[in-house]
Amino acid sequence: MKQQPGLTLIAKTVTRISVWLIVLYGFYIIFHGHLTPGGGFAGGVVIALAFLNVMLAYGHETVTRWLNISFMHDLEPSAGALFLTMGILGIALGGGFLANVVHRGTLFNVFSSGNILVLNIIIGVKVAMGLFVVVWSLAIFRFFEGGDK
Amino acid sequence: MILPFFIIIPLLAAFLIALISGERDNWAIAVAVIAMLALLCLALFGFVTIGAQTQVYQMGAWKIPYTICLVLDALSAFMLVIISGIGLTALMFSVFYIRHLSTSWKYYALFMLLITGMNGVVATGDLFNLFVFMEIALFAAYALVSYGSRAEEFEASFKYAIMGSISSTLVLVGIAIVYSATSNLTMATIAQLLPQNPTVMYFAGGIFLAAFGLKSAMMPFHAWLPDAHSSAPAPISSMLSGVLIKTLGVYVLVRLFYNVLGAPPLFLKMFMIFGSISILVASFLAMGQWDFKRLLAYSSISQIGFILLGLGIGTRWAILGAIFHILNHAIFKALLFYNAGTVEMVLGTRDLRQMGNLTKILPYTTATSMCGTLAVAGMPPFNGFFSKLIIIIAAVHAGHPIYASIAVAGSFLTLVYFMKVQRYGFHGKKVIEREGVKIGWGMRTAMIILAVLTLATSLLILPGIRTAVLDPVVAVIMNKTGYITQVLGGNL
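Residue numbers (this note's numbering), protein chains in the order written: chain A, 1 to 149; chain B, 1001 to 1492.
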């Protein structure tokens, strides 16, 4: 049997099943950041780890082929810019940078925290994409022979 | 309210640069220049309008003990003007200088993050927020120091990162101690509560002195500076030496020890001792250097010593001299680093012994370097003369003749090692043929602007201009309890 890049068939199969649970857990942490421990950063890290899990099991060449890395790369600064836009919306509508502009909702529901949920989602995207792209670039990084560049 | 825009504009510019730039750096340059121009206009507007007042901005429309507040007074507006002014010339210089290293947009994104961090440190009125912005500025600085991707640059950047992390850890410990004692992170509230507990005040003060002393590279904590500042690309060296060690180091020391801790005499004494050690030892170390940028880096430590000495004496004139020297040092040290960068770009060396007949090859660089040299050595009528003179007279006046003579000796030693730069470097005997590298008009303009400023800022000492520009800044520092009442205002 021809040697494929990445880990064994067992690891690949387990990853194929478990990765969706990890992503789901990441989304859960992001969406319940204002109700339970966690939030955008923690959830974003979990989602990035799901991608990294795939990268470990299948090898970085496969992941580079499957995923649109440049889109993920662009998503990261866009999330940062979106966060600032929310802040400026706060100046325009709420009387201060990052002031609440979204309806506050009912207590203990998922929609109960106004801006916080939106900001958590933005931070989640930023952290997930940032962390994944950083580790991906480390994986594809190679030293050139003989040079110090 | 203009305050949050000092942080929003550079941060948004950094994200936009990362988003819209392609392979080339054209869009990145356009966005960065527009952002810096906007920041300079805002900072000048803020400085002109603020006068003796204080503006407080409460984030998220919350009220003071629960919010992060931003504070604009004469001192922070003064620092914001320095950051944006030197930042704009550094950007002009970079456009041509960095293209000979690479044409990537990443440099400009990192540069805007550096500006974000420094503006944030200066504008914030919250102790933990200060730590966060300090880290933003430092992380951008670590990456920018190693931008040329040579082995020695990575080494310098790594050393800087280690020392920076140690000092950041100390800052965090200090903040934790202050928070456990006062249950508060707003600096004005801490200033109100902390003097009731002198043990905590002295303990936290000692930790902050070590931490921010490391950031401002005063003498026992200086080891990272000569490597980092000499390895970085020239515009970044000038930002680090001219602005970063002052915003992250000296400005925070002033804010914390004068406005928050109320200038305890013990710490002022330590400022004077560390300041005079820095002046003397760094001057002798600089004298032994043959590497142009390394010599300038040691000279920065020595000039920071003058500023600390002025702050330690603590009279009105001494603080005026220190504040004036912050501005002057930012201008002439940035200029000298641009000169060093230009020489390095054209000749490919930083060794003073390998240079020669630069008057013919680089006439503008040689002429502006003479302005920088005379200013740093304290020759009249350049700006460095007046600020050093004020500090020395203030030292004598306050009854510290020994410190005054140390400052005089330091000023003389500065002249000695900068004469070495002129004698061996710019007017050396070695005959060098002109090489193919051309310096761009942006580099030349940046140097000429700063050379003119070394003369023009001398005018700030004239009584009429001084009362409008420097005296409000001194008043903020001298009025120790004024900060509390001004910031807390109706929330007392």
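Beta carbons: idealized from backbone N, C-alpha and C, even for Gly.
Quiz item: Taking 8 angstroms as the CB-CB cut-off, is leucine 98 of chain A touching chain B?
Solution: Residue numbering aside, residue 98 of chain A sits at position 98 when the first sequence is read from its first letter. By this cut-off, leucine 98 of chain A is an interface position.
Self-check item: Contact the stretch 1380–1396 of chain B vs the stretch 1420–1431 of chain B: 3+ CB pairs below 8 angstroms
Solution: With a cut-off of 8 angstroms, the stretch 1420–1431 of chain B and the stretch 1380–1396 of chain B do not count as touching, because too few Cβ pairs lie within range.
Practice problem: Tell me, please, whether the CB atom of leucine 1012 of chain B is closer than 8 angstroms to any CB atom in chain A? | Solution: Translated into the one-based positions of the second sequence, residue 1012 of chain B becomes position 12. So yes, leucine 1012 of chain B belongs to the interface.
Practice problem: Note the first and the last residue of the continuous beta strand (DSSP E) segment covering phenylalanine 1055 of chain B. | Solution: Translated into positions along the second sequence, residue 1055 of chain B becomes position 55. Residue identity differs from the one stated: residue 1055 of chain B is glutamine in this sequence, not phenylalanine. Glutamine 1055 of chain B -> beta strand (DSSP E) spans 1055–1058.
Quiz item: Quick check: the stretch 1089–1101 of chain B against the stretch 1061–1080 of chain B, are there 3 or more CB pairs under 8 angstroms?
Solution: no
Practice problem: Just the chain B side, please: which residues come within less than 8 angstroms of leucine 84 of chain A by C-beta, in chain order? | Solution: For the purposes of this step, residue 84 of chain A is taken as the residue at position 84 of the first sequence. Simply Ile1008, Leu1011, Leu1012, Phe1015.
Quiz item: Under a Cβ-count criterion, where at least 16 other Cβ atoms within 10 Å of its own Cβ denotes burial, should valine 134 of chain A be classed as buried or exposed?
Solution: One-based indexing of the first sequence puts residue 134 of chain A at position 134. Flag for valine 134 of chain A reads exposed.
Quiz prompt | Chain-order list of residues whose beta-carbon lies under 7 angstroms from that of glutamate 76 of chain A (same chain, five-residue window excluded) | solution = Residue 76 of chain A sits at position 76 when you count from the first residue of the first sequence. Close CB contacts of glutamate 76 of chain A within its chain, under the 7 angstroms cut and outside five residues either way in sequence, are with Lys126, Met129, Gly130, Val133 (chain order).
Quiz item: Going along the chain, which residues of its own chain have a beta-carbon closer than 7 angstroms to the beta-carbon of tyrosine 1258 of chain B, five neighbours each way excluded?
Solution: Translated into positions along the second sequence, residue 1258 of chain B becomes position 258. So the list reads Ile1477, Lys1480, once near-sequence residues are dropped.
Exercise. Please check if any C-beta of chain A sits within less than 8 angstroms of the C-beta of methionine 1112 of chain B.
Key: To locate residue 1112 of chain B, count along the second sequence from 1; it is residue 112. So, not an interface residue.
Quiz item: In its own chain, which residues sit with a C-beta less than 6 angstroms from the C-beta of asparagine 100 of chain A, not counting the 5 before and 5 after it?
Solution: Residue mapping note: residue 100 of chain A aligns to position 100 of the first sequence, counting from 1. Taken in chain order, the residues that qualify are Gly94, Gly114, Asn115.
Practice problem: Leaving out five residues on either side along the sequence, give the residues of the same chain with a beta carbon under 6 angstroms from the beta carbon of valine 1047 of chain B. | Solution: As a working note, residue 1047 of chain B is residue 47 in the second sequence. Residue identity check: residue 1047 of chain B is phenylalanine in the sequence provided, not valine. Hits under 6 angstroms: Ala1077, Val1081.
Quiz item: Going by alpha carbons, who is nearest to valine 1132 of chain B out of B:Ser1168, B:Cys1371, B:Thr1199, B:Val1056?
Solution: The sequence position of residue 1132 of chain B within the second sequence is 132, counting from 1. Checked all of B:Ser1168, B:Cys1371, B:Thr1199, B:Val1056; the closest Cα to valine 1132 of chain B is B:Ser1168.
Self-check item: valine 110 of chain A versus tyrosine 25 of chain A: straight-line alpha-carbon distance, rounded
Solution: By 1-based counting over the first sequence, the position of residue 110 of chain A is 110. By 1-based counting over the first sequence, the position of residue 25 of chain A is 25. Those two C-alpha atoms are separated by around 15 angstroms.
Quiz item: Measuring CB to CB, does glycine 1482 of chain B end up less than 8 angstroms from lysine 1429 of chain B?
Solution: On the second sequence, position 482 is the one that residue 1482 of chain B refers to. On the second sequence, position 429 is the one that residue 1429 of chain B refers to. Against a cut-off of 8 angstroms, the Cβ pair of lysine 1429 of chain B and glycine 1482 of chain B comes out as no contact.
Self-check item: N-terminal and C-terminal residue of the alpha helix (DSSP H) that valine 1071 of chain B is part of
Solution: Your numbering for residue 1071 of chain B matches position 71 in the second sequence. Careful: valine 1071 of chain B lies outside any alpha helix (DSSP H), inside the beta strand (DSSP E) at 1069–1072.
Practice problem: Name, please, each residue of chain B whose Cβ falls closer than 8 angstroms to the Cβ of methionine 90 of chain A. | Solution: By one-based count along the first sequence, residue 90 of chain A stands at place 90. First, the amino acid is wrong: residue 90 of chain A is glycine here, not methionine. Correct list: Gly1060, Ala1061.
Quiz prompt | Residues bridged to threonine 1186 of chain B (per DSSP) | solution = Taking the second sequence and counting its residues from 1, the one referred to as residue 1186 of chain B is at position 186. BP columns for threonine 1186 of chain B point to B:Asp1126.
Practice problem: Could you tell me which residues DSSP puts in a beta bridge with lysine 1429 of chain B? | Solution: In the second sequence, the residue the question calls residue 1429 of chain B occupies position 429. Note: lysine 1429 of chain B sits in a beta bridge opposite B:Gly1356.
Practice problem: Report the residue from B:Ala1446, B:Gly1440, B:Ala1367, B:Ile1390 whose alpha carbon sits nearest the alpha carbon of phenylalanine 1426 of chain B. | Solution: Here the question's residue 1426 of chain B lines up with position 426 in the second sequence. For phenylalanine 1426 of chain B, the nearest C-alpha among the options comes from B:Ala1367.
Practice problem: For proline 1004 of chain B, return the contacting residues in chain A, with the cut-off set at a CB-CB distance below 8 angstroms. | Solution: Walking along the second sequence from the start, residue 1004 of chain B turns up at place 4. The contacting residues are Gly87, Ile91, Phe97.
Exercise. Could you please give the first and the last residue of the uninterrupted alpha helix (DSSP H) stretch that includes tyrosine 1298 of chain B?
Key: Taking the second sequence and counting its residues from 1, the one referred to as residue 1298 of chain B is at position 298. Start and end: 1292–1313.
Self-check item: Run of the alpha helix (DSSP H) containing glutamine 1486 of chain B, from where it starts to where it stops
Solution: Here residue 1486 of chain B corresponds to residue number 486 of the second sequence, with the count starting at 1. It spans 1482–1488 - the alpha helix (DSSP H) in which glutamine 1486 of chain B sits, taken as one unbroken run.
Quiz item: Closest Cβ-Cβ distance between alanine 1210 of chain B and chain A: below 8 angstroms?
Solution: Within the second sequence, residue 1210 of chain B is the residue found at index 210, counting from 1. Closer than 8 angstroms: no.
Self-check item: Cut-off 6 angstroms between Cβ atoms - residues of its own chain near glycine 43 of chain A, not counting five sequence neighbours on either side
Solution: As a working note, residue 43 of chain A is residue 43 in the first sequence. Closer than 6 angstroms at the Cβ level, and outside the excluded window around glycine 43 of chain A, lie Gly26, Ile29, Ile30, Gly124.
Quiz item: threonine 1373 of chain B lies in the alpha helix (DSSP H); which residues open and close that run?
Solution: On the second sequence, position 373 is the one that residue 1373 of chain B refers to. Start and end: 1363–1377.
Quiz item: If you drop the 5 nearest sequence neighbours on each side, which residues of the same chain put their C-beta closer than 7 angstroms to that of tyrosine 1057 of chain B?
Solution: Here residue 1057 of chain B is taken as the residue at index 57 of the second sequence, counted from 1. If we look at tyrosine 1057 of chain B and ignore the five residues flanking it on each side, its Cβ neighbours are Met1001, Leu1003, Pro1004, Cys1069, Leu1070.
Quiz item: Taking only beta-carbon atoms, is serine 78 of chain A less than 8 angstroms away from chain B?
Solution: What you label residue 78 of chain A is simply residue 78 of the first sequence in a count that begins at 1. Judged by the 8 angstroms Cβ criterion, serine 78 of chain A is in contact with chain B.
Practice problem: Tell me whether leucine 1327 of chain B counts as near the ligand ADP, meaning its Cβ is closer than 7 angstroms to at least one heavy atom of that ligand. | Solution: Although the ligand ADP was asked about, the structure shown includes no ligands whatsoever.
Quiz item: Any contact of the stretch 1156–1175 of chain B with the stretch 1225–1234 of chain B, i.e. 3+ C-beta pairs under 8 angstroms?
Solution: yes
Quiz item: Alpha carbon to alpha carbon, how far is phenylalanine 1128 of chain B from arginine 1024 of chain B?
Solution: Working through the second sequence from its first residue, we reach residue 1128 of chain B at position 128. Working through the second sequence from its first residue, we reach residue 1024 of chain B at position 24. The alpha-carbon atoms of phenylalanine 1128 of chain B and arginine 1024 of chain B are separated by roughly 38 angstroms.
Exercise. Mind checking the stretch 7–40 of chain A against chain B and listing, in chain order, the residues whose C-beta falls within less than 9 angstroms of any C-beta there?
Key: Those would be none; no residue qualifies.
Practice problem: Figure out for me which residue from B:Phe1332, B:Leu1114, B:Gly1321, B:Gly1372 has the closest Cα to the Cα of valine 1473 of chain B. | Solution: Counting from 1 along the second sequence, the entry for residue 1473 of chain B is found at position 473. Of the candidates B:Phe1332, B:Leu1114, B:Gly1321, B:Gly1372, the one whose C-alpha sits nearest the C-alpha of valine 1473 of chain B is B:Gly1321.
Quiz item: Whose C-beta lies closer than 8 angstroms to the C-beta of leucine 67 of chain A among residues of the same chain, with five residues either side of it excluded?
Solution: Numbered from 1 along the first sequence, position 67 holds the residue referred to as residue 67 of chain A. Counting only Cβ-Cβ distances below 8 angstroms, and skipping sequence neighbours, we find Phe51.
Practice problem: Reducing DSSP to helix, strand and coil, say where aspartate 74 of chain A ends up. | Solution: Working through the first sequence from its first residue, we reach residue 74 of chain A at position 74. Aspartate 74 of chain A falls in the helix class under three-state DSSP.
Quiz item: In or out: leucine 9 of chain A buried (at least 16 other Cβ within 10 Å) or exposed?
Solution: Numbered from 1 along the first sequence, position 9 holds the residue referred to as residue 9 of chain A. When all chains shown are included, leucine 9 of chain A counts as exposed.
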